[in-house]
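Engineer:
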Amino acid sequence: MEKKNKEELFKELSDAHAKDFSFSSGRILGSMCTQPHPIAIEAYKMFIETNLGDPGIFPGTKKIEDEVVGMIGNMLHAPPGFYGKMVAGGTEGNLTALWIYKKMMKRKEVIVPEHAHFSFQKASSLMDVKLKVIKSKKHVMDVQALKKGISDNTACVVAVAGTTNLGLIDPIEEIGEICEKKGVPLHVDAAFGGFVIPFLKELGYTNKKFDFEVDGVKSIAIDPHKMGLSVIPSGCFLVRKKSMLDFISVKSPCTHTRMHFSLLGTRPGASAAATYAVMKYFGKEGYKEVVKKCMKLTMEMAMEIKKRGMKLIAEPEMNILSIKVSDARKVAMDLAERKWKVGVDEENNAIRIVVMPHVKKKLIGAFLSDLQEVIE
Ligand code: PLP
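The opening residue of the sequence shown carries number 272 in this note's numbering; numbering runs sequentially from there.
(1) What's the C-alpha gap between residue 378 and residue 527?
(2) Taking the alpha-carbon of residue 353 as reference, which of 609, 510, 588 has the nearest alpha-carbon?
(3) When the Cα of residue 310 is compared with those of 549, 645, 605, 597, which residue comes out closest?
(4) Using only CA atoms, which one of 362, 575, 504 lies nearest to residue 635?
(5) Counting Cβ pairs, one atom from each stretch, are 3 or more of them under 8 Å apart for the segment 320–328 and the segment 448–461?
(6) Rounded to whole angstroms, what is the Cα-Cα separation between residue 304 and residue 540?
(7) By the DSSP assignment, the alpha helix (DSSP H) with residue 635 in it spans what residues?
(8) Just to confirm my understanding: we take residue 585, look at its own chain, exclude 5 residues before and 5 after, and list those with CB closer than 7 Å. What are they?
(9) Does the segment 495–506 come close enough to the segment 464–473 to have 3 or more Cβ pairs within less than 8 Å?
(10) Return helix, strand or coil for residue 600, following the three-state DSSP convention.
(11) Report the residue from 404, 417, 495 whose alpha carbon sits nearest the alpha carbon of residue 455.
(12) Relative to the ligand PLP, is the shortest distance from any of its heavy atoms to the C-beta of residue 620 smaller than 8 Å?
(13) Taking just the CA atoms, how far does residue 513 sit from residue 355?
(14) Would you check if the distance between the CB atom of residue 404 and the CB atom of residue 383 is smaller than 9 Å?
(15) Taking only runs that begin and end inside the segment 379–424, name each unbroken alpha helix (DSSP H) of 4 or more residues, in chain order.
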């Protein structure tokens, strides 16, 4: 380990960081993350030394975590007796859900839609759980296929509220009803859509139910570090009943608390503080404005794409667009040479654009012209 003075050291760090793409450039078009709000950054710095894995030392930070979970639970229609935790993101939330259901149901088969995020493959490999993949119909879960798919081995069903590639919402009300009838818990992956759909509803874009309002929904993963504008890492995992966490509880003798109910041990209290700050600062109206702006730009961009003779894989339900091309990997690589970072939707051979708050209207024309040139 070579020793350096502070000046040399920060020069090196700044050179490395200069090679990164920056959200502020407006050229990152394929990420579900964005610039954290300045309020979140300020709160994050203030709580930098706190550890939620040891709440006996940091009871103030623990209270902030509980407040965040309370606010998110409220937004997601959680009933009395619900519980939740801050997690590192959608991946940890989804892993935790499958961990609980494997233990709770004493079964090892999990039903996922074709478009489920790859975090479920990680969960399957890590926990020796078998994924039973249900075909999509019009890019969302086919409920008839689901009905046939549920068996005595099913530990849980997963549905997605805001699919990674297309931003679509699975028919969660119908799925929830089937799950209730069959006595199988439903986990909703709302990592992206959790901070979008409640505001889409207020803005009149959708009236779909996706959260604890649906009886079958027993747990939800939602990410403040995506459309919640908090810092990375900030995820939240919620369960309908606190007792569900008993299935994954272990004694934590070396800390100042008795039990742990989370995958991670040491957990950043700074993420809870940042999320608390941005949620309180924005309030419902603030988030509604963010979603309104992103949706307006999404719709304008969708129109422009069609005007230029290009095709979308699906009409946008939230702020994600997927543009059909013939070789998505190559197009993305050519666009990267022109300093645009787009997502690749391999399933549909499409370029995936996530219209996050950092996406700038004034750059859309230039991007679409570059895309057309690259395609031709
Ligand atoms: N679930 C969905 C639907 C996602 O789109 C993503 C990430 O894009 C995840 C889960 C994983 O989230 P994270 O990368 O924060 O773990």
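Cβ coordinates follow ideal geometry from the N, Cα and C atoms, glycine included. Computed from a predicted structure; not experimentally measured.
Structural biologist: Inspection of the coordinates gives the following:
(1) 34 Å
(2) 510
(3) 549
(4) 575
(5) no
(6) 20 Å
(7) 632–646
(8) 410, 437, 439, 593
(9) yes
(10) helix
(11) 417
(12) no
(13) 8 Å
(14) yes
(15) 390–398, 414–420
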